[in-house]
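Please read the structure below before turning to the comments.
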Amino acid sequence: MQAQTTEVHHIAGIIKVMNSGIEFYQEAKSKIEQPEYTGFFNRMIDAKEEAVFELQKFAVAETGAVENGSDTMTQARKAYSNLVDKISSSSTKTYVSQLEEVEDKVLDEIDTALKKEQPADCEATLRRVYTRMKECHDEMRMLQNGIMH
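Mapping of the sequence shown onto the UniProt record's numbering: residues 1 to 149, in sequence order.
Now the structure itself:
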């Protein structure tokens with residue numbers, strides 16, 4: 001019988017990516033003033049905020065503090081989208097494309113955490129969060145495919 005691990009790994013990194021994603025969706029919502037996107041973006045924000053709330057206790061166990069930071073790669077995507085928005089009329093496509101990349105990064109970060117040995121309650125939470133984030137990813141992919149084609 002293996003001893004249960006009590007050490008949490010990589011949770012703060014997931015939260016940073018999600019925090020950046022929340023900021024990015026909020027910004028996209030303010031820039032893309034098409035009502036059909038508002039509800040969609042709000043669902044993505046709500047799902048990430050809920051996931052951050054669920055994961056926060058594990059981040060505290062990992063780092064000793066609540067994680068409020070953001071991810072530099074996601075911030076770079078946001079800056080790129082802002083730049084393209086200023087010089088392009090296709091900002092909806094750009095935002096959706098970059099947001100879909102953020103969804104990919106969220107799933108990658110959760111995958112990384114799941115490959116590490118985690119306490120049972122942390123792993124169960126990660127698996128629940130992964131399922132919800134996969135749904136967000138798939139919805140964003142469908143939205144992107146609908147816009148791009």
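The beta carbon of each residue, even a glycine, is placed where N, CA and C say it ideally should be.
Can the beta-carbon of G69 be found less than 9 Å from the beta-carbon of K105?
-> no
Would you mind reading off the limits of the alpha helix (DSSP H) that contains G21?
-> 11-31
Bounding residues of the alpha helix (DSSP H) (the contiguous stretch that carries A47) | 35-63
Would you say the region 100-118 touches the region 6-15, given that touching needs at least three Cβ pairs under 8 Å?
-> yes
For the alpha helix (DSSP H) holding Q98, just list the boundary residues, first then last.
-> 91-114
To which residues of the same chain is G21 closer than 7 Å at the C-beta, ignoring the five residues directly before and after it?
-> K48, T74, V102, V106
To the nearest angstrom, report how far apart N42 and L99 are at their CA atoms.
-> 13 Å
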